[in-house]
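Notes for the one structure printed next.
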Amino acid sequence: MALSKLENLYRHVILDHSSHPHNYGTLENADEQIELNNPTCGDVITLQLAMDGDTIKAAKFSGHGCSISTASASMMTDVVIGKTKAEALALAEEFFLLVQDKIEPNEEHLGEAIVLNGVAKFPARIKCATLAWKALERAILQDKKEKGEVQAESPHEGEIL
91 MALSKLENLY RHVILDHSSH PHNYGTLENA DEQIELNNPT CGDVITLQLA
141 MDGDTIKAAK FSGHGCSIST ASASMMTDVV IGKTKAEALA LAEEFFLLVQ
191 DKIEPNEEHL GEAIVLNGVA KFPARIKCAT LAWKALERAI LQDKKEKGEV
241 QAESPHEGEI L
């Protein structure tokens, strides 16, 4: 069965971000650093954020993983740079809902990350797609906790996203 033109485009975007990830590497002066792994398939990500007050001024990731995990991390960093902590947390929540097929894709909010809505059809891949976004959520909550702004843990702690 041939893929539709739209599915081919989505596949191309994922492969491009996986082969040539944006914001891959390390930050010299990271304010927050989180390492997460997906034991199901071996994906490992280290996410680093540099903050300017309440705003994410830089985001980089390193590690290794499948094409979905790497592409998602690349797309996530593109989307959150320049956003406030609250905006980034809202985007992470929107992404979690998107990959569970609970909302319609909104390119204005999530940029190219909307192409990952297709993983909802493959539940085992949801963990791959959400790994970087979980790292983002934890890094922001860790930063807020260190500054006494919040005491709560991740709302997705222990979930099978």
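Going by this note's numbering, the first residue of the sequence shown is number 91, and it counts up by one from there. A virtual CB, placed ideally from N, CA and C, is assigned to each residue, including glycine. Being a predicted model, the structure only gives us computed values, none of them experimental.
Own chain residues within Cβ distance below 7 Å of S152, not counting five before or after:
Annotation for S152: Y114, G115, T116 and T136 place their beta carbon closer than 7 Å to its own, counting only its chain and skipping 5 residues before and after.
Could you tell me which of E183, I158 and E184 sits nearest to H102, measuring between CA atoms?
Checked all of E183, I158 and E184; the closest Cα to H102 is I158.
Bridge partner(s) assigned by DSSP for E122:
For E122, which the question treats as bridged, DSSP gives the partners L139.
Expressed to the nearest angstrom, what Euclidean distance is found between the alpha-carbon atoms of P111 and E239?
If you draw a straight line from the Cα of P111 to the Cα of E239, it comes to about 32 Å.
Please name the residue, chosen from D144, T160, K192 and T167, that lies closest to K252 on a Cα-to-Cα basis.
Because the chain is modelled from 91 through 251, residue 252 falls outside the range shown and cannot be assessed.
Local Cβ density within 10 Å of K252, reported as buried at 16 or more and exposed below that
Nothing in the structure corresponds to residue 252, since the chain is present only between 91 and 251.
Under 8 Å between C-beta atoms of L139 and A120:
Yes, the Cβ-Cβ distance between L139 and A120 is below 8 Å.
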